[in-house]
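In the UniProt record's numbering, the protein residues as written are 1 to 274. Notes to accompany the following structure.
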């Protein structure tokens, strides 16, 4: 299980064939979905506006000094001569062009996040490390695993912490609790802590920093309970075992192996009509 932690490029991380938290999310749907994800390993298909906005926001919050060298506001329309020249110049400079609206929205969200006590402490700590990749193995070295940590930093009252930045439409407690299970954030926390500790990092807590996507861009920091992480560890063990079995057999089942499924209405439909 001994692991390592390094700062590598996103492309290197995504191109590495290993079980990840997002991979477990696919596996919990069915192994066939994970196999499809692994078959795309290393292919850069994350080019939509949502992914670009997320990357820009992460840079603005976690690595603000790097923003100008990675991103630039697009001035001209892409189908014009000036727009094509602008795109060529951006490619030469190694920067990504983003719309004015995206820049302004991400800037406002970043300002809100940077005002939060957790991020103020993180940038003042002096030991902030960002975009760290963790690689380790499970099942006696037979299952390669990975995680990509947004930030590692020593915080007052917590010690060494991992921080993950999330955007959301609703950062209220009720909404976040629902998201915790729906999106497997409890599993992400347990998985990342497992990987970091395998790499010798005495991480005390895994904090999520939720930033709302609309004004006033409210920001909430959360620490996932030990009970939620214990539940996640059961999911993780099952996922690791299933992944190992599929890798060994080469068989990645779908939702069912039955040729025909007998289908009924959900129980609530009957109750509604009583």
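Beta carbons: idealized from backbone N, C-alpha and C, even for Gly.
The criterion of a C-beta distance shorter than 8 Å is not satisfied by residue 136 and residue 21. For the pair residue 209 and residue 111, the Cα-to-Cα distance works out to about 13 Å. Residue 7 and residue 130 have their C-alpha atoms spaced approximately 8 Å apart.
Cα atoms of residue 70 and residue 155: separation of roughly 28 Å, rounded to the nearest angstrom. Comparing alpha-carbon positions, the option among 247, 228 and 168 lying closest to residue 220 turns out to be 168. With a minimum length of 4 residues, the unbroken runs of alpha helix (DSSP H) contained wholly in the region 65-140 fall at 67-70, 81-93, 100-115 and 117-125. Here residue 164 is buried, its C-beta having at least 16 other C-beta atoms within 10 Å. When beta bridges are read from the DSSP output, residue 162 appears opposite 152 and 206.
Of the residues assessed, residue 14 falls on the buried side of the cut-off, its CB having 16 or more other CB atoms within 10 angstroms. With a cutoff of 8 Å on beta-carbon distance, residue 240 and residue 19 are scored as near each other. For residue 201, the three-state secondary structure derived from DSSP is coil.
Distance between residue 85 and residue 151, taken at the CA atoms: about 36 Å. With a 10 Å radius around the Cβ and a threshold of 16 neighbouring Cβ atoms, residue 268 comes out exposed. Collapsing the DSSP output to three states places residue 236 in a helix. About 6 Å separates the CB atoms of residue 186 and residue 224; that is less than 8 Å, so the two are in contact. Selection 206, 243, 180 and 93 evaluated against residue 17 yields 243 as nearest (Cα-Cα). Residue 212 is bridged by DSSP to 168.
In this structure, residue 133 lies away from residue 120, with their beta-carbon atoms at least 8 Å apart. The closest CA to that of residue 40, considering only 266, 11, 92 and 50, is found on 11. Residue 262 and residue 212 have their C-alpha atoms roughly 42 Å apart. Excluding the 5 residues flanking it on each side, residue 254 has same chain C-beta neighbours closer than 6 Å at 30 and 32, in chain order. Following the DSSP letters along the chain, one finds residue 219 in no alpha helix (DSSP H) but inside the beta strand (DSSP E) bounded by residues 219-223. Looking only at 170, 146 and 61, the smallest Cα-Cα distance to residue 118 is reached by 61. Per DSSP, the unbroken beta strand (DSSP E) holding residue 6 starts and ends at 4-6. Going by C-alpha positions, residue 100 is about 7 Å away from residue 74. A distance of 8 Å or more separates the beta carbons of residue 95 and residue 52.
From the listed residues 35, 27 and 114, the smallest Cα separation to residue 63 is found for 114.
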